[in-house]
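Heads up, the final residue of the sequence shown is numbered 665 in the numbering used here, and it's a clean run with no missing numbers. Report on the following structure.
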Amino acid sequence: MPNVSGRGDAEIALAVIGTLVPDEARFHGPAFNRAGQMFQKEFARALAHAGLKPSAIFGIEPVPAFPHTRRLLVRGAQLELGDGLRVRLLPFLNVQPLKPVTAGLSVIVALIAWGWRHRRQPRIVHCINLTMPPGLAVLVGARLIGAKATVSVLDIFRPGGIVPDRFYWRVDYWLQRHLIPKFDGHAVVSEAIVEDFLPGRRVCRIEGGIRPDDFGAETRPEAPTTPSLFRAVLAGTLDVHNGVELALDAFSRLPQDGYELVVAGSGAMARVVEERASIDSRIVFRGFLSFDEVLALYRSADVLLNLRVTRAMDTRYFFPSKMMECMASGTPVLSTLTGHVEEEFGDFVYLLRDESPAALAALLTRIAGLTEHERAEMGRRAKAYMFAHKTWDRQGEKMAGYLRSVVLGDTRDATLRSWR
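Structure (structure tokens):
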């Protein structure tokens, strides 16, 4: 690693803070989000491969607050994540309003101890999102030890959009609006975050990534289970903002024969999907699947659905990282115009411009009418683009370079502010 500190051979010490836990059954509760967990793990792993391995990963276990769970106290633990990474889960009282306060205090204490151990090195404290653990605690901890504070802003919840317009979310949004600009460096998932929160600031866009080894060299090695059926797959967190209701309503407009919708995942809309599947044989609910099972499901499909709602709900501060793995699978993807999808990926996916059931049904009918070769070519080109530009190793190199520039204070490299 190049010398970035001006103090002999000292290397950068990096602490990553988030909600990262091992992908194990004991953590698969209502607060566990596989896409978010994969992002955090791959982010840390990619930085390590780029020569900026975190010397510590601190985590707040994702668990609903009491009384939604019986756990009043969440204890700390040291856990293996694989790939040579470990996470130290921090303790906190799991009852509101003490949960963010005690989680924040644990973060500050952990950072002070970490900062002392690495006091002779330039240090960066990087947190994943600012709601939990509280971004204020991360910023205070970093300032107390004289470290640079950077953040990955993956989502911002505007009250009245995805979340209700209530006091808690109004306070959370107000804090994020005031905290985000105070950090020394920023990784974002959407241009809207920069426009509204960081105008004129130099940022690094990291919206997700893929590991090529997960997907193999071949495109769609598994043929559709029933060749006469056109199979659409919707997988992920089953919430309204991910287009579950849109997909179900669109299928009600399609012919009874020749189409199948397979839905996989968990979330608030899971019960609705189960009910619709019980009365419509074309709809199949697979529930929560392992990552390998999800990949096999992708390979069995004719089209994958990325239906993040953008018109009826305010989702402009989000980007569905699951779309990255969908495109890398080699199966063609149908997507709404969320984030920078049209700008960067418009040539590689089928775009849904009108987020209505009728328009989605019409687009599915059109895609089903294409030849297998035409659909396969779309999937092949999407996969090639992902392998060339969106591997986690490529993203890690970009992020590591950006973080080093934060330590150097060098703002001359304009290529780091690239929206493509």
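Positions of the beta carbon are idealized from the N, C-alpha and C atoms, including for glycine. Nothing here was measured: the structure is a model prediction, and the numbers come from that model.
Going by C-alpha to C-alpha distance, which of the options sits closest to residue i?
i    : options                   : result
F337 : A348, G430 and L330       : A348
G488 : L552, L356, L597 and Q501 : L552
L446 : H486, T395 and V485       : Looking at the sequence provided, one finds Arg at residue 446 rather than Leu. Among H486, T395 and V485, the Cα nearest to that of R446 belongs to T395.
G329 : L292, Y543, E589 and V517 : L292
V448 : G454, E440 and I455       : E440
G503 : G614, E490, P602 and P378 : G614
I257 : G360, I612 and K344       : G360
A270 : A633, I302, L534 and L317 : L534
R450 : D410, G584, V517 and L608 : G584
L335 : G296, L381, I262 and P309 : I262
A513 : G274, N374, K635 and P378 : G274
D494 : R411, L609, I353 and A289 : L609
G591 : M623, L381 and I438       : M623
Y543 : A355, K427, R516 and G575 : G575
F536 : L499, P309, F460 and R527 : F460
What residue does the alpha helix (DSSP H) around residue i start on, and which one ends it?
i    : result
S523 : A515 to I524
Y418 : F412 to L424
A604 : P602 to A613
G349 : L343 to R362
A629 : E617 to H634
Y543 : F536 to R544
L383 : According to the sequence shown, residue 383 is Val rather than Leu. Looking at the DSSP string, the run of the alpha helix (DSSP H) that includes V383 is G380 to I390.
F399 : Here residue 399 turns out to be Leu, not Phe, going by the sequence shown. Note, L399: premise wrong, no alpha helix (DSSP H); not H, not E.
R279 : R279 to H294
A573 : K567 to A573
V433 : Taken as a continuous stretch (DSSP letters only), V433 belongs to no alpha helix (DSSP H), being part of the beta strand (DSSP E) at G430 to V433.
I438 : E436 to F442
If residue i and residue j are in contact, beta carbons under 8 Å, what's the gap, nearest whole angstrom?
i    : j    : result
V398 : H431 : 6 Å
V507 : V529 : 5 Å
L259 : H371 : 6 Å
D429 : K393 : 5 Å
I407 : T314 : That pair is no contact at about 22 Å.
Along the chain, where does the beta strand (DSSP E) that runs through residue i open and close?
i    : result
F272 : Looking at the DSSP string, F272 is not in any beta strand (DSSP E), and its letter there is neither H nor E.
I373 : R368 to I373
E505 : Y504 to S511
L335 : Where L335 is concerned, there is no enclosing beta strand (DSSP E), given that its DSSP letter is neither H nor E.
Q323 : A322 to G327
V261 : A258 to G263
V529 : I528 to G532
V578 : V578 to T581
Enumerate in chain order the residues of its own chain whose CB-to-CB distance from residue i is below 7 Å, with the five nearest sequence positions on each side excluded.
i    : result
L582 : T555, L596 and R598
M631 : I455, M569, M572 and A573
S566 : A280, F284, E452 and G453
Would you call residue i buried or exposed, if buried means 16 or more other Cβ atoms sit within 10 Å of its Cβ?
i    : result
W637 : buried
E287 : buried
R320 : exposed
H423 : exposed
T616 : exposed
V433 : buried
G304 : buried
Q282 : buried
L389 : exposed
A606 : buried
S351 : buried
G641 : buried
Got a sec? Which residues, its chain only, sit under 6 Å from residue i by beta carbon, not counting five neighbours each side?
i    : result
P307 : T264, A276 and F277
V548 : A477, P577, L579 and I612
F593 : R626, A627 and Y630
E519 : F530
A524 : Strictly speaking, residue 524 in this sequence is Ile, with Ala absent from that position. Hits under 6 Å: none found.
N374 : L399
Spatial neighbours of residue i within its chain, please: CB distance less than 8 Å, with the 5 preceding and 5 following residues excluded, ordered by chain position.
i    : result
R331 : I302, Q323, L324 and E325
G391 : G360 and R368
M558 : G406, I407, V485 and H486
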